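Taking my numbering, the leading residue of the sequence shown gets 1, the next gets one more, and so forth.
Built from N, CA and C at the ideal position, the CB exists for glycine as well.
None of the values given here were measured: they were computed from a predicted structure.
What follows is a set of notes on a single structure, which appears directly below.
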Amino acid sequence: MSALVTALAACQEKMGTGYLSAFPSEQFDRFEAIKPVWAPYYTIHKLESNVLAIYLDQYTLAGNKQALKMVTWMADYFYNRVQNVIRTYSLERHWLSLNEETGGMNDVLYQLFTVTNDPKHLLLAVQADNIAGFHANTHIPVVVGAQMRYEVTGDLLYKTIGTFFMDIVNSSYIYATGGTTVGEFWEDPKRLATTLETENEESCATYNMLKVSRNLFRWTKEVAYADYYERTLTNGVLGIQRATEPGIMIYMLPLGRGVSKARSFHHWGTQFDSFWCCYGTCLRLNTPRVLIFSAIWSLLIS
Numbered sequence: 001m002s003a004l005v006t007a008l009a010a011c012q013e014k015m016g017t018g019y020l021s022a023f024p025s026e027q028f029d030r031f032e033a034i035k036p037v038w039a040p041y042y043t044i045h046k047l048e049s050n051v052l053a054i055y056l057d058q059y060t061l062a063g064n065k066q067a068l069k070m071v072t073w074m075a076d077y078f079y080n081r082v083q084n085v086i087r088t089y090s091l092e093r094h095w096l097s098l099n100e101e102t103g104g105m106n107d108v109l110y111q112l113f114t115v116t117n118d119p120k121h122l123l124l125a126v127q128a129d130n131i132a133g134f135h136a137n138t139h140i141p142v143v144v145g146a147q148m149r150y151e152v153t154g155d156l157l158y159k160t161i162g163t164f165f166m167d168i169v170n171s172s173y174i175y176a177t178g179g180t181t182v183g184e185f186w187e188d189p190k191r192l193a194t195t196l197e198t199e200n201e202e203s204c205a206t207y208n209m210l211k212v213s214r215n216l217f218r219w220t221k222e223v224a225y226a227d228y229y230e231r232t233l234t235n236g237v238l239g240i241q242r243a244t245e246p247g248i249m250i251y252m253l254p255l256g257r258g259v260s261k262a263r264s265f266h267h268w269g270t271q272f273d274s275f276w277c278c279y280g281t282c283l284r285l286n287t288p289r290v291l292i293f294s295a296i297w298s299l300l301i302s
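What follows is the structure in structure tokens.
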């Protein structure tokens with residue numbers, strides 16, 4: 001991992017701005033101008049599995065100071081971009097741009113603030129904290145970020161947001177498997193029977209709901225959150241990867257009558273030609289932290 005950090009640091013140095021991604025920064029120009037563009041902040045946050053938080057993990061877990069320099073430089077780059085939008089237009093214009101799918105940028109930025117104590121990183125996290133919207137995997141990561149805001153700042157409002165959100169989704173939008181959504185969106189509450197088809201239960205949404213419930217369990221030790229986590233891990237996660245074929249993962253879990261993973265709209269991915277958002281999610285999902293936490297819960301419950 002240190003070798004990977006070193007190689008990517010060389011790329012970041014060559015670019016010279018702090019920005020680092022596989023797509024050009026012009027994507028953010030379009031985003032800030034509210035022109036059609038495919039979710040650049042969501043992609044950057046998805047690289048939480050590969051860029052921002054992994055650099056943070058490399059510093060906090062492995063003591064790699066180069067990784068901390070990289071993630072700090074990248075956060076400063078986005079801080080400057082956001083402040084430029086606010087100065088040029090207004091704070092309201094910045095919020096308007098966040099109506100796009102932006103992922104949980106606030107989550108990783110709050111985590112970064114706990115390491116750097118740099119007020120810029122706290123401010124940038126707050127300015128990414130917009131919980132409006134009904135596209136599930138836009139909404140859920142932002143709630144995870146709200147939970148991190150509670151842990152960092154102690155603001156009880158954001159603890160309440162996480163608790164209320166979990167109660168609403170779990171009572172009205174969750175399938176028996178623990179997953180949620182049809183075609184990435186929530187439909188009418190408590191009318192799930194009419195939504196069963198091939199495009200149910202997006203893997204990214206399932207993963208992020210596990211994060212919401214995990215945080216709530218850590219805070220409260222309430223068994224209902226552990227029950228949800230166990231049910232979702234068993235029924236909604238273990239089948240995401242085709243265990244005998246590495247690199248074969250699934251975007252949606254089909255729940256309709258007479259459907260299968262192989263014959264759905266997205267069907268199983270391929271080793272070399274598929275790279276949906278859920279591939280990044282699954283790489284992060286199938287990690288020791290899930291297994292370790294599950295073992296701890298089993299011990300507590302027994």
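- In the DSSP assignment, Ile168 falls within the unbroken alpha helix (DSSP H) covering Leu156 to Ser172.
- In the structure shown, the three-state DSSP call for His266 is coil.
- The region 136-150 and the region 108-116 touch, with no fewer than 3 CB-CB distances between them shorter than 8 Å.
- At a Cβ-Cβ threshold of 8 Å, Gln66 and Thr6 count as neighbours.
- Looking at the backbone, the Cα of Gly256 and that of Tyr79 are separated by about 44 Å.
- By the neighbour-count criterion, in which 16 or more other beta carbons inside 10 Å mark a residue as buried, Gln127 falls on the buried side.
- Taking a contact as a CB-CB distance under 8 Å, the pair Ile250 and Ser213 does not count as one, their CB atoms being some 21 Å apart.
- Distances from the alpha-carbon of Ser97 to those of Asp167, Glu32, Ser21 and Gln271 put Glu32 closest.
- Positions of the alpha helix (DSSP H) runs, each at least 4 residues long and wholly inside the region 161-242, are given as 203-220 and 223-232 in order along the chain.
- Our two residues, Ala262 and Thr160, have alpha carbons roughly 40 Å apart in a direct line.
- Taking the C-beta atoms as reference points, Thr138 is found no nearer than 8 Å to Thr195.
- Spatial neighbours of His267 in its own chain (CB-CB distance under 8 Å, excluding positions within 5 residues in sequence) are listed in chain order as Ile250 and Lys261.
- Leaving aside the five residues that flank Ile174 on each side, the residues in its chain whose CB is nearer than 6 Å to its CB run, in chain order, Thr180.
- For Gln271, there is no enclosing alpha helix (DSSP H), as DSSP gives it neither H nor E.
- A straight line joining the alpha-carbon of Thr116 with that of Asp76 spans about 12 Å.
- For Trp73, the closest alpha carbon among the candidates Val144, Cys11 and Gly162 is that of Cys11.
- The beta carbon of Gly18 sits closer than 6 Å to the beta carbons of Trp73, Met74, Asp76 and Tyr77 from its chain, once the five residues preceding and following it are set aside; these are given in chain order.
- With at least 16 other beta carbons inside 10 angstroms of its own, Ser264 counts as buried.
- If you compare the alpha carbons of Val82, Thr206, Glu92 and Val144 with that of His121, the shortest gap goes to Val82.
- Setting aside the 5 residues that flank it on each side, Cys282 is surrounded in the same chain by Ser203, Ile240, Gln241 and Met249, each with a C-beta closer than 7 Å to its C-beta; the list follows chain order.
- Counting every other CB atom within 10 Å of its CB across the protein chains shown gives Phe217 a total of 16 or more, marking it as buried.
- DSSP places Arg81 inside the alpha helix (DSSP H), whose first and last residues are Lys65 to Thr88.
- The three-state secondary structure of Met1, taken from DSSP, is coil.
- Within the same chain, Tyr175, Gly179, Thr181, Val182, Met252, Leu253, Pro254, Leu255 and Gly256 come within 8 Å of Asn200 by CB-CB distance, once the 5 residues on both sides are set aside.
- Distance from the CA of Gly236 to the CA of Ala39, rounded to the nearest whole angstrom, comes to 25 Å.
- Ala136 is positioned such that its CB atom lies closer than 8 Å to that of Glu184.
- Ile250 sits in a strand when the DSSP states are folded into three classes.
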